[in-house]
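J.:
Protein chains: 2
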Amino acid sequence: MEADQIERFRDFNRYYTRRLDLLSENYLGQDRPLGQARLLFEIGDGCDLRELRARLGLDSGYLSRLLRALEEQGLVEVEPHPSDGRVRVARLTTTGRRERDDLDDRSRERIAGLLGGLSDEQRAELIAAQARVQRLLRLAAVRVTAVPPATETARECLRRYAAELNERFPEGYDAASLTPAAAVTGEQLLAGEEGRPVGCGLWTRLGPGVAEIRHLWVAPEARGLGLGRLLLERLEQGAARDGAGTVRLGTHTALTEAIALYRRGGYHEIADYSDSPYNQLAFEKRVRPAGTA
Amino acid sequence: MEADQIERFRDFNRYYTRRLDLLSENYLGQDRPLGQARLLFEIGDGCDLRELRARLGLDSGYLSRLLRALEEQGLVEVEPHPSDGRVRVARLTTTGRRERDDLDDRSRERIAGLLGGLSDEQRAELIAAQARVQRLLRLAAVRVTAVPPATETARECLRRYAAELNERFPEGYDAASLTPAAAVTGEQLLAGEEGRPVGCGLWTRLGPGVAEIRHLWVAPEARGLGLGRLLLERLEQGAARDGAGTVRLGTHTALTEAIALYRRGGYHEIADYSDSPYNQLAFEKRVRPAGTA
DNA sequence: CCCGTCCTCTGACCCTGGTCAGAGAAATCC
DNA sequence: GGATTTCTCTGACCAGGGTCAGAGGACGGG
Numbered sequence: 050m051e052a053d054q055i056e057r058f059r060d061f062n063r064y065y066t067r068r069l070d071l072l073s074e075n076y077l078g079q080d081r082p083l084g085q086a087r088l089l090f091e092i093g094d095g096c097d098l099r100e101l102r103a104r105l106g107l108d109s110g111y112l113s114r115l116l117r118a119l120e121e122q123g124l125v126e127v128e129p130h131p132s133d134g135r136v137r138v139a140r141l142t143t144t145g146r147r148e149r150d151d152l153d154d155r156s157r158e159r160i161a162g163l164l165g166g167l168s169d170e171q172r173a174e175l176i177a178a179q180a181r182v183q184r185l186l187r188l189a190a191v192r193v194t195a196v197p198p199a200t201e202t203a204r205e206c207l208r209r210y211a212a213e214l215n216e217r218f219p220e221g222y223d224a225a226s227l228t229p230a231a232a233v234t235g236e237q238l239l240a241g242e243e244g245r246p247v248g249c250g251l252w253t254r255l256g257p258g259v260a261e262i263r264h265l266w267v268a269p270e271a272r273g274l275g276l277g278r279l280l281l282e283r284l285e286q287g288a289a290r291d292g293a294g295t296v297r298l299g300t301h302t303a304l305t306e307a308i309a310l311y312r313r314g315g316y317h318e319i320a321d322y323s324d325s326p327y328n329q330l331a332f333e334k335r336v337r338p339a340g341t342a
Numbered sequence: 050m051e052a053d054q055i056e057r058f059r060d061f062n063r064y065y066t067r068r069l070d071l072l073s074e075n076y077l078g079q080d081r082p083l084g085q086a087r088l089l090f091e092i093g094d095g096c097d098l099r100e101l102r103a104r105l106g107l108d109s110g111y112l113s114r115l116l117r118a119l120e121e122q123g124l125v126e127v128e129p130h131p132s133d134g135r136v137r138v139a140r141l142t143t144t145g146r147r148e149r150d151d152l153d154d155r156s157r158e159r160i161a162g163l164l165g166g167l168s169d170e171q172r173a174e175l176i177a178a179q180a181r182v183q184r185l186l187r188l189a190a191v192r193v194t195a196v197p198p199a200t201e202t203a204r205e206c207l208r209r210y211a212a213e214l215n216e217r218f219p220e221g222y223d224a225a226s227l228t229p230a231a232a233v234t235g236e237q238l239l240a241g242e243e244g245r246p247v248g249c250g251l252w253t254r255l256g257p258g259v260a261e262i263r264h265l266w267v268a269p270e271a272r273g274l275g276l277g278r279l280l281l282e283r284l285e286q287g288a289a290r291d292g293a294g295t296v297r298l299g300t301h302t303a304l305t306e307a308i309a310l311y312r313r314g315g316y317h318e319i320a321d322y323s324d325s326p327y328n329q330l331a332f333e334k335r336v337r338p339a340g341t342a
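Here it is, written out as structure tokens:
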């Protein structure tokens, strides 16, 4: 990586945080400490403390004190949970809701003021550029790891994958068609973003020098990041390291984005090679043998 | 402005600050409090306290205590100013410099790790998108205001403008050719970014229904933001409000970016209309009369 | 030379964010 | 029914960031 890129990245961070500081100081710090304000937003329409603690990463003692402060201001009520008396539930009062909406409005106004000097065109350009930054940073945060095929999170990804296919295929999808963990003779990859699983894929040996990629899936919340391409490349590399010179895969005509991904990735259509009823299309790609740069 | 844009802007801010928090916690908070670390960076190669205070926006008592803490750790030395005994100067010791460089390296490494998952291409795309965001935000932060032509900052901009022309014109530029404050029969605009002047421009009445734009200048540190276009538009609007249907301007062949700006802005070349020796090219544009949307 | 100003330092405070240990109520396990 | 676990609350603490008022040395103008 070029040192210049790192420097420019830091420069952007410095500038951006400085500008945002000005923003948040003024909209949140108006009168209320930051912790209380965050809590006000996070409570929403009632939420048990357990969950609040987890979402905001707060110590139980600290949360308790924050809540009491908000209670004294008449913004929040804390009641016992209807079915579990240990748990307590925080709920905004009417004034609490108004206060939160006020904060919200002020924040919006600040931003409108900030972007007000730009033309519509420039604003759209700004938002688009931010989206690109965010997408790339999210992609950079994704960790792709090989896991034992029986791993629970891996199986869960496959279940979500099967459920989605079942919705998208006119004929439905039978989860029994999923490759059983024991049948994965190659590698199962799992993609995680900040600890949450957001995609998977696997390859198995199909014959001498030939591997098959199956069950390539990206969670809806992680689409558009380029994760499909990343997983596909990693799978190909894994198969090639294992000695495969050719990678095959089958797919369904309903999966248009997947088909586009394969074509972009250098796959070409071949005659059907499998007996899966869901493989309406088959693709193949030559991958460079292991050891070649 | 669309509410959707504001929401997306906020969403980006939330995501970005969350990611950066993780970054800075780990690279600065390793052992040293944030205030000390910032100070370590800001001192650089010696700096009087007055300036440090101004740059970091610190209370004098607070700064003093931070410095003492760094002194106790052997990272900083504070000496009286050679020529003014009231002022004191902070300077990093050898270990202080090493410490700062260490922090710096760790920060770089963190970023390299963060961006390591991306391809060269993607990294370049990220940096480019960040640059676009930064440019647009800087542009949004610029305030263009009409000022009395004799305003000191306005005259200073013109002096910098003249100095630059003097460098760029093969024949030099005589600052006496600047339009005197008294001769500005129209409006003088000043562009400021976070309080610092970064550009200027003015228009005067040239005849019935005709105005002339002069001395359009953008400071080097603010180029590439689109500020030239912004100033030009504001000047045209001002002239149009005053009743001008035609705007003229003259320029020098050495000012290639300016010429490109004029052409993009809808100006077309006309025969020379002025007797300024520096106006080697003349342009004209019809502007919509005042009151028309 | 004196007085007001500039600059720094010190001590006294304050609040926010955050941690820790233990008490006590409710639920669950055995 | 008793022991254990789960969850919340309370009190005691702590550090960092930040403000304020005043002391005192150094300068500069008259």
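Just so you know, the sequences run in chain order V and R. Start counting the first sequence at 50; every next residue gets the next number (the working numbering). Start counting the second sequence at 50; every next residue gets the next number (the working numbering). C-beta: ideal position from N, C-alpha, C; glycine also.
Going straight from the alpha carbon of Arg-313/V to that of Arg-278/V, what length do you get?
T.: Whole-angstrom Cα-Cα distance: 9 Å.
J.: Assuming Ala-268/V and Arg-209/V are in contact, meaning their beta carbons sit under 8 Å apart, how far apart are those beta carbons, in whole angstroms?
T.: Between Arg-209/V and Ala-268/V the Cβ distance is about 7 Å, and since that is below 8 Å, they are a contact.
J.: Under 7 Å Cβ-Cβ, which residues of chain V neighbour Thr-66/R?
T.: In chain order: Leu-69.
J.: At which residue ranges does the stretch 106-154 of chain R contain complete alpha helix (DSSP H) runs of 4 or more residues, listed in the order of the chain?
T.: 109-121, all fully within the stretch 106-154 of chain R.
J.: Let me confirm a value: Phe-349/R is counted as buried when at least 16 other C-beta atoms fall within 10 Å, else exposed. Which label applies?
T.: With chain R covering only 50 through 342, there is no way to say anything about residue 349/R.
J.: Report all residues from its chain with a CB closer than 8 Å to the CB of Gly-166/R; omit the five preceding and five following residues, and keep chain order.
T.: None.
J.: Okay, do the stretch 231-246 of chain V and the stretch 196-207 of chain V touch, 3+ Cβ pairs below 8 Å being the bar?
T.: In short, these stretches touch, since the Cβ pair count reaches three.
J.: Alpha carbon to alpha carbon, how far is Arg-297/R from Ile-55/R?
T.: Spanning the two alpha carbons is a distance of roughly 39 Å.
J.: Under the DSSP definition of a beta bridge, which residues are partnered with Arg-192/R?
T.: DSSP lists Gly-241/R as partners of Arg-192/R.
J.: Pop quiz: His-264/R and Gly-250/R are said to be a contact at Cβ under 8 Å. What is the actual Cβ separation, rounded to whole angstroms?
T.: At roughly 6 Å, the Cβ-Cβ gap stays under 8 Å, so His-264/R and Gly-250/R are in contact.
J.: Does DSSP put Pro-269/R in a helix, a strand or coil?
T.: Helix, per DSSP.
J.: If we ignore side chains and look at the alpha-carbon of each, how far apart do Arg-172/R and Asp-53/V end up?
T.: Looking at the two C-alpha atoms, the distance is approximately 11 Å.
J.: Using the three-state DSSP reduction, which class does Thr-66/R fall into: helix, strand or coil?
T.: In this structure, Thr-66/R counts as helix in the three-state DSSP scheme.
J.: How would you list, in chain order, the residues of chain V whose beta-carbon sits under 7 Å from the beta-carbon of Arg-104/R?
T.: Ordered by position in chain V, no residue passes the 7 Å Cβ test against Arg-104/R, which lies about 12 Å from the chain.
J.: Can you pull the chain R residues whose beta carbon is under 8 Å from the beta carbon of Val-182/V, in chain order?
T.: Neighbours of Val-182/V on chain R, chain order: Phe-61, Tyr-65, Leu-175, Ala-178, Gln-179, Val-182.
J.: Among the candidates Thr-253/R, Pro-326/R, Ala-190/R, Asp-150/R, whose CA atom is the shortest distance from the CA of Glu-220/R?
T.: Of the listed residues, the one whose Cα sits closest to Glu-220/R is Pro-326/R.
J.: Quick check: the stretch 97-109 of chain R against the stretch 140-154 of chain R, are at least 3 beta-carbon pairs closer than 8 Å?
T.: No: the two stretches stay apart, fewer than three of their Cβ pairs being nearer than 8 Å.
J.: Which chain V residues are close to Val-191/R, counting only those with a beta carbon under 8 Å from its beta carbon?
T.: What Val-191/R touches in chain V: Gly-166.
J.: Does the ligand ZN have even one heavy atom less than 7 Å from the beta-carbon of Ala-195/V?
T.: Only the bare structure without any ligand can be found here, which leaves the ligand ZN out of the picture.
J.: On a CA-only basis, which of Thr-200/R, Ala-189/R, Ser-226/R is nearest Ala-212/R? Give me that one, please.
T.: Answer by Cα proximity: Ser-226/R.
J.: Would you list the residues sitting across from Thr-295/V in a DSSP beta bridge?
T.: In the DSSP output, where bridge partners are listed per residue, Thr-295/V has Val-259/V, Arg-335/V.
J.: Would you please state the rounded distance, in angstroms, between the beta carbons of Arg-337/R and Ala-293/R? I believe it to be under 8 Å.
T.: No, Arg-337/R and Ala-293/R are not in contact; Cβ-Cβ is about 10 Å, not under 8 Å.
J.: Would you call the stretch 152-164 of chain V and the stretch 328-337 of chain V touching, i.e. three or more CB-CB distances under 8 Å?
T.: No: the two stretches stay apart, fewer than three of their Cβ pairs being nearer than 8 Å.
J.: Determine the burial state of Pro-129/V: buried for a count of at least 16 other Cβ atoms within 10 Å of its Cβ, exposed for fewer.
T.: Burial call: exposed.
J.: Using only the alpha-carbon positions, how far apart do Gly-132/R and Glu-205/R sit?
T.: Reading the sequence as shown, one finds Ser at residue 132/R and not Gly. One C-alpha to the other measures close to 29 Å.
J.: Can the beta-carbon of Gln-179/V be found less than 8 Å from the beta-carbon of Val-182/R?
T.: In this structure, Val-182/R lies closer than 8 Å to Gln-179/V by Cβ.
J.: Over what stretch of residues does the beta strand (DSSP E) that includes Glu-318/R continue unbroken?
T.: 317-319 is the span of the beta strand (DSSP E), which, as asked, contains Glu-318/R.
J.: In chain R, which residues lie with their C-beta within 7 Å of the C-beta of Pro-92/V?
T.: Looking at the sequence shown, residue 92/V is not Pro but Ile. Here the premise fails: no neighbours, minimum Cβ distance about 17 Å.
J.: Does the separation of the CB atoms of Leu-164/R and Ala-189/V fall below 8 Å?
T.: Yes, these two residues count as a Cβ contact at 8 Å.
J.: Could you give the DSSP three-state label for Glu-220/V: helix, strand or coil?
T.: It is coil, neither helix nor strand.
J.: Which residue wins for smallest C-alpha separation from Glu-306/V, given the options Gly-273/V, Gly-93/V, Glu-243/V, Asp-94/V?
T.: Cα-wise, what sits closest to Glu-306/V is Gly-273/V.
J.: Using only CA atoms, which one of Leu-304/V, Arg-135/V, Tyr-322/V lies nearest to Glu-216/V?
T.: Comparing Cα-Cα distances from Glu-216/V to each of Leu-304/V, Arg-135/V, Tyr-322/V, the minimum goes to Leu-304/V.
J.: Is it true that the CB of Arg-335/R sits closer than 8 Å to the CB of Thr-295/R?
T.: Yes, these two residues count as a Cβ contact at 8 Å.
J.: Looking only at DSSP bridge pairs, what is Gln-300/R linked to?
T.: Looking at the sequence itself, residue 300/R is Thr, so the reference to Gln does not match. Per DSSP, Leu-330/R.
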